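Engineer:
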Amino acid sequence: TGVPEVSTEHDDVCKGCVLGKFAKASFLRSDTISKGVLDLVHSDVCGPMSTKSLRGYEYFVTFIDDFSRKTWIYFLKTKDEVSSRFREFKALVENSTGRKIKVLRSDNGAEYKSNEFQEFCTREGIKREWTIPYNPQQNGVAERKNQSITEASRAMLHD
């Protein structure tokens, strides 16, 4: 028939070759599907930057609406400001849209896990989704946005 017979025995395959071809398991998709504005908001903190701004900012936090991909950026001097910036963001977008934030997805950074931040989200009825530690792919929307912002900033500095 012209098709060679394939052996199912693997005694002659070296362990290094097999292990070298392993790939990370893919991630399960979130149950949260955004059907409208503010159904799901992604957030991530970027920094510290190698150089502080003239006003002393070293970080920025992004809030990205999953449905529209509209992005809000707040500059921070410390990561401790994330909670207050989220409150500002929440008031702004909820007042302008008439809708409530349903889910906030972020990494496990201490700035998102503080009692104050968690209690605020609980009080406001915001469901929290956290990514698995050391797996930024799970918060890919925010991670990619931060990368784009950082690359654009560097390009502008060199122009």
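Under full-length UniProt numbering, think of the first position of the sequence shown as 1, with each following residue one higher.
We put the CB at the ideal spot given by N, CA and C, even for glycine.
Quantities reported herein were computed from a predicted structural model and do not represent experimental measurements.
Does DSSP put Ser34 in a helix, a strand or coil?
Structural biologist: Coil, per DSSP.
Engineer: Can you tell me the Cβ-Cβ gap for Ser114 and Asp44, rounded? I've got them flagged as a contact below 8 Å.
Structural biologist: At roughly 16 Å, the Cβ-Cβ gap does not stay under 8 Å, so Ser114 and Asp44 are not in contact.
Engineer: Measuring CB to CB, does Ile126 end up less than 8 Å from Leu104?
Structural biologist: Result yes, Cβ atoms of Ile126 and Leu104 sit closer than 8 Å.
Engineer: Considering just the uninterrupted stretch of the beta strand (DSSP E) at Tyr112, what are its terminal residues?
Structural biologist: Unbroken run through Tyr112 is the alpha helix (DSSP H), 110–113; no beta strand (DSSP E).
Engineer: Is the Cβ-Cβ distance between Val93 and Leu38 less than 8 Å?
Structural biologist: Result yes, Cβ atoms of Val93 and Leu38 sit closer than 8 Å.
Engineer: What does the alpha-carbon distance come out to for the pair Pro48 and Thr150?
Structural biologist: Near 12 Å, if we compare the C-alpha coordinates of Thr150 and Pro48.
Engineer: Using only alpha-carbon positions, find the residue among Lys79, Asn108, Tyr112, Arg123 that is nearest to Lys100.
Structural biologist: The candidate whose alpha carbon is nearest that of Lys100 is Arg123.
Engineer: Give the single residue among Ser34, Phe75, Gly109 whose Cα lies nearest to the Cα of Gly56.
Structural biologist: Ranking Ser34, Phe75, Gly109 by Cα distance to Gly56 puts Phe75 first.
Engineer: From the DSSP output, which residues share a beta bridge with Asp44?
Structural biologist: Paired residue(s): Thr62.
Engineer: Just checking: is the beta-carbon of Glu129 within a distance shorter than 8 Å of some beta-carbon in chain B?
Structural biologist: Of the protein chains in this structure there is only one, and it is not chain B.
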